[in-house]
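Everything on this sheet refers to the single structure shown next.
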């Protein structure tokens with residue numbers, strides 16, 4: 040099911056996987072990150088993964104870089120990029136958030152790796168659920 044937020048689309052690909060597609064030219068702000076949090080709390084129950092589909096070019100404000108991905112229950116992030124510029128933005132974001140030790144992986148959309156990103160997320164979420172249930 041596809042949901043429209045003020046800056047892009049959030050598509051529920053599975054009960055616990057959300058594809059995020061941000062509009063072209065947006066600079067994600069702290070308020071937009073908070074809008075994401077409201078969405079996740081309303082539509083996702085338990086652990087989840089995000090598939091960030093960077094088909095469009097956009098940036099993050101400094102405040103957004105420091106808070107994006109800090110959602111309760113977020114266990115894995117798959118980034119799908121379509122340009123060298125997007126790949127650099129992803130790497131810079133990962134460096135900014137290195138302290139958080141995100142469970143993330145990047146995939147090339149130009150090499151048709153969207154499906155691999157989705158499969159990776161499913162695997163990561165199943166593995167996390169199994170290891171947490173054994174604790």
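In this note's numbering, the protein residues as written are 40 to 174.
Note that CB positions come from ideal geometry on N, CA and C, so glycine has one too.
Everything numeric in this text was worked out from a predicted model, so none of it was measured.
* When DSSP labels each residue in this structure, what does residue 73 get in the three-state scheme? -> Within the chain shown, numbered from 1, the residue matching residue 73 stands at position 34. Note: residue 73 maps to helix in three-state DSSP.
* Terminal residues of the alpha helix (DSSP H) in which residue 105 lies -> Numbered from 1 along the chain shown, position 66 holds the residue referred to as residue 105. Where residue 105 is concerned, the enclosing alpha helix (DSSP H) stretches over 101-106.
* Residues bridged to residue 48 (per DSSP) -> Translated into positions along the chain shown, residue 48 becomes position 9. BP columns for residue 48 point to 43, 60.
* Below 7 Å CB to CB, which residues in the same chain sit around residue 160 once its five sequence neighbours on both sides are set aside? => For the purposes of this step, residue 160 is taken as the residue at position 121 of the chain shown. Here the set comprises 56, 88, 90, 115, 117.
* **For residue 91, the three-state DSSP class (helix, strand or coil)** => Here residue 91 refers to the residue found at position 52 when the chain shown is read from its first residue. Here residue 91 sits in strand by DSSP.
* Asked: Can the beta-carbon of residue 109 be found closer than 8 Å to that of residue 68?
  -> Within the chain shown, residue 109 is the residue found at index 70, counting from 1. Within the chain shown, residue 68 is the residue found at index 29, counting from 1. Cβ distance not < 8 Å, so residue 109 and residue 68 don't count as in contact.
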